[in-house]
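Here's the structure, in C-alpha cells; my notes come after.
4 protein chains.
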Amino acid sequence: MSSDIELGRGKRGRPAYTFDDIAVVPSRRTRNPEDVSTTWAIDAYAFDVPVVGAPMDSVVSPRTAIMLGRLGGLGVLDLEGLWTRYEDPEPLLAEIASLPERSATARMQSLYAEPVKPELITARLAEIRDAGVTVAGALSPQRTKEFYEPVVAAGVDLFVIRGTTVSAEHVSSAAEPLNLKEFIYELDVPVVVGGVGTYTAALHLMRTGAAGVLVGFGGGAASTTRATLGVSTPMATAVADVAGARRDYLDESGGRYVHVIADGGVGTSGDIVKALAMGADAVMLGVALARATDAPGNGFHWGPEAHHPKLPRGHRVRVDQVGTLEEVLYGPALVADGTANLIGALRKSMATTGYSDLKEFQRVDVVVNPVH
Amino acid sequence: MSSDIELGRGKRGRPAYTFDDIAVVPSRRTRNPEDVSTTWAIDAYAFDVPVVGAPMDSVVSPRTAIMLGRLGGLGVLDLEGLWTRYEDPEPLLAEIASLPERSATARMQSLYAEPVKPELITARLAEIRDAGVTVAGALSPQRTKEFYEPVVAAGVDLFVIRGTTVSAEHVSSAAEPLNLKEFIYELDVPVVVGGVGTYTAALHLMRTGAAGVLVGFGGGAASTTRATLGVSTPMATAVADVAGARRDYLDESGGRYVHVIADGGVGTSGDIVKALAMGADAVMLGVALARATDAPGNGFHWGPEAHHPKLPRGHRVRVDQVGTLEEVLYGPALVADGTANLIGALRKSMATTGYSDLKEFQRVDVVVNPVH
Amino acid sequence: MSSDIELGRGKRGRPAYTFDDIAVVPSRRTRNPEDVSTTWAIDAYAFDVPVVGAPMDSVVSPRTAIMLGRLGGLGVLDLEGLWTRYEDPEPLLAEIASLPERSATARMQSLYAEPVKPELITARLAEIRDAGVTVAGALSPQRTKEFYEPVVAAGVDLFVIRGTTVSAEHVSSAAEPLNLKEFIYELDVPVVVGGVGTYTAALHLMRTGAAGVLVGFGGGAASTTRATLGVSTPMATAVADVAGARRDYLDESGGRYVHVIADGGVGTSGDIVKALAMGADAVMLGVALARATDAPGNGFHWGPEAHHPKLPRGHRVRVDQVGTLEEVLYGPALVADGTANLIGALRKSMATTGYSDLKEFQRVDVVVNPVH
Amino acid sequence: MSSDIELGRGKRGRPAYTFDDIAVVPSRRTRNPEDVSTTWAIDAYAFDVPVVGAPMDSVVSPRTAIMLGRLGGLGVLDLEGLWTRYEDPEPLLAEIASLPERSATARMQSLYAEPVKPELITARLAEIRDAGVTVAGALSPQRTKEFYEPVVAAGVDLFVIRGTTVSAEHVSSAAEPLNLKEFIYELDVPVVVGGVGTYTAALHLMRTGAAGVLVGFGGGAASTTRATLGVSTPMATAVADVAGARRDYLDESGGRYVHVIADGGVGTSGDIVKALAMGADAVMLGVALARATDAPGNGFHWGPEAHHPKLPRGHRVRVDQVGTLEEVLYGPALVADGTANLIGALRKSMATTGYSDLKEFQRVDVVVNPVH
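Chains as they are written, first to last, in UniProt numbering: chain X, 1 to 372; chain D, 1 to 372; chain B, 1 to 372; chain Y, 1 to 372.
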C-alpha cells in the first residue's frame, strides 16, 4: 500500500493507530442526547445498546449475562471457563480475587486444569435462556468441534468462536482442523468469530458465512500478547480495516452485512465512541464491565490467556469498582474518567457531534495527533 | 484535505497539534519588552491585556471580576454557578476546598442541584457594574432562553454563551431549541459564543452575528472530555482553524471581524503565547487564574462539567497557589514555571521574537517537534 | 535515500525504528504451534532454536554454554572475561552480585584489570568441547591477534569477533590493525563478526568472508552507548538493513549466504519475534538469558562495556530471575511478560501469523505505530 | 520551506528536532581513538578540545576559567555575575548551595540585585590573564555599552555577548540600542555573540562581523524558557540551521568562517557528539561542567534567567557531582551515563564512526527515530 513506511532495506511496514492516538470532532450541528438512538441488531436479535459482555470469567457469569440482557445488551458466557468446569465456581472466583500477586498465575493455571463438562454447558445456557434474554456462549476454535453439540442442543441464540487469532484457513498436521465454512454452513445458529485484525483475514472470515467478526488481539487491559508474541494491531486501524472488509464483502456477496465488533482496547466510554467512529457496529467489553461491583471478578479481571498452562500471555489485574453494572452502563456516574455511565457518554458524544444513530456515527470526523 | 492521514481502509483523519507540540521562534529582530503593546478590544470594550477570566466558580466571583477589570482584563461570571444559586456561597466554596477526594464529585453534584435564582443574577451583575468595570456573564446554551432576560435587564456589557460544544444548528425533538441567529440579532448586547473547534462549525457560528467565539472543548486542566466522550481537538490546530474561519468570514461579510478567544488548555504563560501565535485575539483562562491566592477556588479548580448530575466529565483539581491575582498577571514572579507574571512573559516573548502588537504577533513563526 | 528527513539546513537524517515501534500482524492463515519449525544452521552446525548466548560473564560460563548446547542453542564464551583471567571466577561472580550500586563499576574495573591467560582459554574451551556441544568463543577485535592462536588450537567450532563497532577497514597509526579479510581467509574456522548497524558497513564485513554478522551496538539492556557516545541504530531498522546487505551480497557472491544475528535490544520473546520478522536468522541473547536462575550472573547482568578502565559505557543491572534456563527457553512460564518460554512464544507467534519456518517468517507483515 | 507541516488553516510550522531525537551512526571504517584530533581554533586562539565553559556562576569562576584553560578548553566568566558584584563571592556561592527549594529564587533575586562594579571586572579578568590562559568574559547585550570599556581595557582575548536571544537589529524606543555591527567593527577584540536559533537571524548576526555565534535559547538544564515564554528551538535543528548560515555566509563574504558554538541542551558526552555532528565547531557547556566537584556551584547549577527580578525563567537545579573537572573532561569515569570523560567519549565516538577530526565529523550520518 502506498502509505507504507520503509523500516529498513527491503522491509516496509504499515502505519497503524490506537484509540489513544485519535479523537472524534464535532460537526457544525449539535443534537439533544435524548434524540440519539443507540440500538443495534444482529441477525434476529435486537439490542438497546451496542454492548457485548466478553466471554471472560471476570465479566460474564450466568447471572451477569441475564443482567446485561435485561439492561439492553448481550452477555457471552465463556463455555471453557470456571462455570463449565465446576459445579459451584463462586468460591473459586472469590479465591482468585484473594490470591497474592506472585502466586496468582500458578494457582489459576491449576484451577483451569479441571476438565470442561458438557452437562454444565447445557445447564448454564439453560439458566440464561430461562431468564428470557438472548443466549450467547463462546468456545475457542481449538475446542469447538469437541463441545459444539451441547451448545447447540441447549438452544444458544448466538454462537461465538473466540481465540487470539482465528483464520478461515487453519493448517494442522495433527487432527483435522475446524473447517469454519462447513461448520457455519451446517449450523443453524448465527456465528460470531474472531479475533481478526486485518482486512484480508477479515474478508476471508466473512466468506465463511459468519454473522459477525470480532476485531482485535493483544490490545486488552489484561493481555500481554504484544510483549510475549510481538503480535499487535493497533485497534483504531484494525477496526477501520475490518469495516472496510465489511463494505467490500457487502458488495461481493450482494448484500450480506457482517457485523464488526471491536474486541480489545475498549476500556472507557471514550474508547467505545472511537471504536464506533472507526466503523464498529458494536463493542465487546471486558475490563469496562469488570469494574462493576456486581461483576463476577470481584474487583479483578483476567482472560483465558492468563491461565495458559505453559505460555500465559496475560495477567490477573486489579480494577477499580465504580458502581453497579447498571450504573456502569447508565449512570449516574460519581467519577469522571470514562468508566461509568458508558451509554450516557456515548449519547452525549453522538449528540455533541451531531449524529442521531450508530450507523451514521461511523462517518464522524476524527483527528490524529501525530506527536502524541 | 490533502494532509489527511489514512488511519485504516476507508477512514482518514486529520493531523492535529496541541500547544505542547509547538513553540514560537525568534525572527531576525528583537525589541524591548516595554515597547510591546498587549491591548485588545472587542466591540466597544478595550482592555490592557487579552485575558478573560473563565466563567467557573473557582476563577470568577463578583469580587474577582472587579479585580480583573481593574487589572486591565475581563472577568466573566458563571450565571449558573454558586453565586446565582445561593445568597452566600462563600462557605460553600470553602467547603468544596475541604472535601476529601472520594466524595468531592457527589457533594458538588448535590450543591449544584439547588435552583438558579433570577434575582441573584440581577444582584451579582449589578455589583460588578457598580464597580465601574466591564460586565460579562455566561449562560449555557441549554438555559439561555430561560435566564437571558434578567441578564440583559441587569445591563450586561458582554453576553457569553458557553457550552462544551455550541453549534449554530442545534436539533432537538423536544423543546424548540435556541435559534442563535435570531437570538443574537434581537439582542442589543454583543454575544461571545462557544466552544467550537473546527473551521466549518466556527464559520457557521460567526454567521449568527456573534462578536466572538470561544475555541475549545475537552482541553482544560479540570476536564476529562477526551476520556469520557472521546471528543477532542488539540488546541493549536483548533485555534488556527478558527482563525482561518475569522479571515474567510471577514471577507464573506465584507469586514466583520469576529474575535477568536482560546478557551481550554491555556495553563501557562507559554500557552498564552502559543494561543496568540496560532491566531487567537485573546485567551480565556481557568486554571491559570485559579492559581491566585485571592481566586475564589481557594487552591482548587473545577468547571461546570465536574458536577453534571449524571455524567460528570471533569474533576475538582488541586492547584498550586503562586501569588495574588496581580502577581499572577504582572509579577514579580517567585517561580519560573510560567504560572506567574503571565503578562511579563507575554511581553518578553513578543519582544524576543521581534513583534510589537498582538495582531502582528499572530504571524510569528512556529516549529513543531514531530517526535516530542 | 529518498526517505531521509531534513533535520535542518544541509543536514538530513534517516528515520530508524526500534523493536518497540513495530509489531507483527497475522496473515489470513493460522497454524498449530507444533507444526512450526524453529531450526537454524550456520556452516556445519545445526541448532533446534535460533538462540545464541551472548559472550558476557553474566550469561555464558562454560557450564551454561554446555547447558545451552544441550537445550538446542549455542553459548558463546567471552574469552576476555573472568573465566580466562582467573582460575576460579565463581567467588568473583558472587562478589559482583553483592556489590553496592555506587562501588560496582570501580570494583569491576579492578577485577577485569587482571590479565587474560592463554592457558585458561585452552582449558575453558576444552571443557565445553568435552561435553559434546558446539564450541564457540569470542574475542574483541583489539585483542584477536594476541589471543587467536590458543582459541584455534583448542578446536573452537565458531570463532566470534565482537566489539561495539567492527568494520572491515580499521585505520590505526600505531600497531598494524587486524586485517579481517586476510585473517578470516587464513583461518580454518567459520567466523562471526560484529557489531554492525548499517547496510554499507555490513556489506563490507560480509566481503571479508565472515560466516555471520552480529547486528547491533548500543541497544542492549546493560549498555549506555547512546548516552555516552551518541551512537545508536534502532534495531528494527538495523536488522532490516543488514538483511538487505545479506540479500545483495548473496547475489554479488554468487550464492554465499551470510547469517544475520540480531545482537542488542532483544530482551523478550516479543523482541525475538520482531528481530526474526525484520530478517534476522538468529538472535544473540544477553539479559533474556541472564534472567535464568542458573545463569552465572546470579540475578545481575553486565557487558564488557561496564568495566572499561577509563570510559565505562554500561552498568551492572539487576534482573528478575524467572526460572531455570530450560524454563526460560521452553517454559512452563509462570509470568506473562515475555521473559519465560521464549521458544513457546516464538512458535505460537509463527503459528498465529501462519508461518512454518524461520526463513519464511522473515516475510511476515509488520505495522509501525507512528505516534507510539 | 517545502517541509513545513500544516498545523491548522493558514498556519504552518517547521519540524524541528532535539538531540534526543537523533543519533550518529558508524560508517564502514573505524579508527583508533588515539588517532583522533579534537583540536579547535577560533581567531588566534587554539584549543585542545572544543569545550567552552558557559558564563554562569555555577560553572565558571576565575579559578575554573584558569583550570579549563590549562585542561585545553576555554572558560568564559560572567561579568554580570557574583564575581563582579561582590569582593568575595565564595560565601554567597556556598549560601546558594544551602538554600531550601522554596526560598532559593527569592534569595538569588536579592543577591543579584547588588550592582556590578567595573573595578571588579578588571580585577577578575586580570587574575585569569596572569595565569597565562586565554581570557574570555561575557556581558548581556542590555549592558554591553555600560561595561565594555573595562572589559577591553583588561585585555580580554575573546569578548562574549550572550543573551536569551540576540539579534543584529534590536529595536528600542527608549535608549539607543547597541548597534552590534558598529560595535564589533570598532572593537579590536574578536566577539562571540548569541543566542540565536534560526538560519536568517544567524546570517544577520554573522554579517555584524562576529567571530562566532552561540546557538540556542531555552534548551538548557536550568532553563524554563519554553514553559514561560513559549519560545524554543530544538537544538539539533537549530545547530544545523546555523551551520547552514555559516556555509552560506562563507560564500557571501568570500571566505570568512564564523564559528558555530552550540549553547544549550548539551548535557552529556552524547549531546556533545550530536552537536558536533549537526555542524557545531564547539560546545558551550553549563550543567556538564557544573557536575565537577571543583565547579563553583557546589553541586548546584543556575543561569542568569534564574534570578531575573520580575520574571525568572529558570531554576537552581541540584546536580550529581561525578568527579573533578579533569575527570569530567578526561576520565577515568566511574559512571557510565555520559557525564564523565566527555572527551574520551568524543574520541571513541569519532573513532567508532571512522572520523579523524572535528571538521570531518560534521559530515557523519545521523538517524532520527520518528516515533521516539
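Don't be surprised by glycine CBs; every beta carbon is placed ideally from N, CA and C.
Starting from residue i, trace the alpha helix (DSSP H) in both directions and tell me its first and last residue.
i                     : result
PHE217 (chain B)      : Looking at the DSSP string, PHE217 (chain B) is not in any alpha helix (DSSP H), and its letter there is neither H nor E.
residue 375 (chain B) : This structure cannot settle anything about residue 375 (chain B), because the visible part of chain B is limited to 1 through 372.
ALA227 (chain Y)      : 225 to 229
By DSSP, does residue i sit in helix, in strand, or in coil?
i                : result
SER2 (chain B)   : Confidence at SER2 (chain B) is low in this model, with a pLDDT of 46, below 50, so its placement is unreliable and the value that follows should be read with caution. Residue state, collapsed to three classes: coil.
GLU169 (chain B) : strand
TRP83 (chain B)  : helix
LEU74 (chain Y)  : strand
LEU187 (chain X) : coil
TYR45 (chain Y)  : strand
VAL51 (chain Y)  : strand
LEU311 (chain B) : coil
LYS359 (chain Y) : helix
GLY69 (chain X)  : helix
LEU178 (chain D) : coil
ARG8 (chain Y)   : Residue identity differs from the one stated: residue 8 (chain Y) is Gly in this sequence, not Arg. DSSP places GLY8 (chain Y) in strand when its eight states are reduced to three.
VAL59 (chain X)  : coil
VAL239 (chain B) : helix
Span of the beta strand (DSSP E) holding residue i?
i               : result
LYS11 (chain X) : 11 to 15
Can you pull the DSSP bridge partners for residue i?
i                : result
ILE22 (chain B)  : B:VAL368
ALA292 (chain B) : B:GLY323
GLY209 (chain X) : In the DSSP output, where bridge partners are listed per residue, GLY209 (chain X) has none listed.
THR30 (chain X)  : D:HIS170
VAL193 (chain D) : D:ILE161, D:VAL213
ARG318 (chain B) : B:PHE300
VAL328 (chain X) : Bridge partners of VAL328 (chain X): none, in fact.
VAL335 (chain B) : Per DSSP, none; premise fails for VAL335 (chain B).
Tell me which same chain residues have a C-beta within less than 6 Å of the C-beta of residue i, skipping the five on either side of it?
i                     : result
PRO118 (chain X)      : PRO150
ALA23 (chain Y)       : VAL367
HIS259 (chain B)      : ILE42, GLY212, ASP281
ALA288 (chain B)      : GLY267
residue 379 (chain Y) : Residue 379 (chain Y) is absent from the model: chain Y starts at 1 and stops at 372.
Keeping to the same chain, check which residues put their C-beta closer than 8 Å to that of residue i; ignore five residues upstream and five downstream.
i                : result
VAL152 (chain B) : PHE159, LEU187, ASP188, VAL189
SER140 (chain X) : GLU80, ILE161, ARG162, GLY163, PRO304
SER2 (chain D)   : Annotation note: pLDDT 46 at SER2 (chain D) (below 50); position unreliable, coordinate value reported separately. Excluding residues within five positions, none has a Cβ falling inside 8 Å.
Who are the Cβ neighbours of residue i in its own chain at under 7 Å, not counting the five residues just before and after it?
i                : result
VAL156 (chain D) : LEU125, VAL135, ALA136, GLY137, VAL189
LYS279 (chain Y) : For the record, residue 279 (chain Y) in the displayed sequence is Gly; it is not Lys. Only VAL239, ALA240, ALA243, VAL260, GLN362 meet the Cβ criterion.
### Message
Extract the residue ranges of the alpha helix (DSSP H) inside the region 97 to 160 of chain X, only unbroken runs of 4 or more that lie entirely within it.
### Response
101 to 111, 118 to 130, 144 to 153
### Message
For a minimum of 4 consecutive residues, which ranges assigned as the alpha helix (DSSP H) are wholly contained in the region 252 to 302 of chain X?
### Response
Here the runs fully enclosed are 269 to 277, 287 to 290.
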